[in-house]
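Enquirer: Residue numbers (this note's numbering): 728 to 815. For each residue, glycine too, the CB sits at the ideal point set by N, CA and C. Below you will find the structure I want to go over with you.
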C-alpha cells in the first residue's frame, strides 16, 4: 500500500457481505472501512484490477461485481485489517 491513506487504523472490523439483486447476479460489499475516500478509491481500483471485475464506491461502501468474498477477505487480512463476514 503506497501511502498513509490506505493504512489500517480502525477499532472495529471491516464488514464483508454478499448481496444478490433481482436478476440473480450479486455484489460483494465491503463496509465500515475507516479510511480517506481517496484511499477507498485506490483500494477498489486494486481489487478491480486483480479480480478482473467491475465495482464502485457508494456512500462509503465498496461494491464489487460478483462473489469475491474469499479473495477479498484474504487480501484485507494480509494488509492488516480485521474482517467479519456478514451473512452466509
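Taking the CB atoms as reference points, tell me whether residue 745 and residue 794 lie closer together than 7 Å.
Expert: The residue you call residue 745 lines up with position 18 of the chain shown. The residue you call residue 794 lines up with position 67 of the chain shown. Yes.
Enquirer: Which residues bound the beta strand (DSSP E) around residue 769?
Expert: Here the question's residue 769 lines up with position 42 in the chain shown. Annotation for residue 769: no beta strand (DSSP E) segment contains it, though the alpha helix (DSSP H) segment containing it runs 764-778.
Enquirer: Determine which residues share a DSSP beta bridge with residue 745 and list them.
Expert: Position 18 of the chain shown, counted from the start, is the residue given in the question as residue 745. Within the DSSP secondary-structure output, residue 745 pairs in a beta bridge with 755.
Enquirer: Are there any heavy atoms of the ligand NAD lying less than 6 Å away from the beta-carbon of residue 763, as far as the coordinates show?
Expert: The ligand NAD is absent from the structure shown, which contains no ligand whatsoever.
Enquirer: Can you give the Cα-Cα distance for residue 782 and residue 808, rounded to whole angstroms?
Expert: The residue given as residue 782 occupies position 55 in the chain shown. The residue given as residue 808 occupies position 81 in the chain shown. Approximately 20 Å, taken between the alpha carbons.
Enquirer: Decide if residue 711 is buried, meaning its Cβ has at least 16 other Cβ atoms within 10 Å, or exposed.
Expert: Because residue 711 is not part of the residues shown, which for the chain are 728 to 815, the question remains open.
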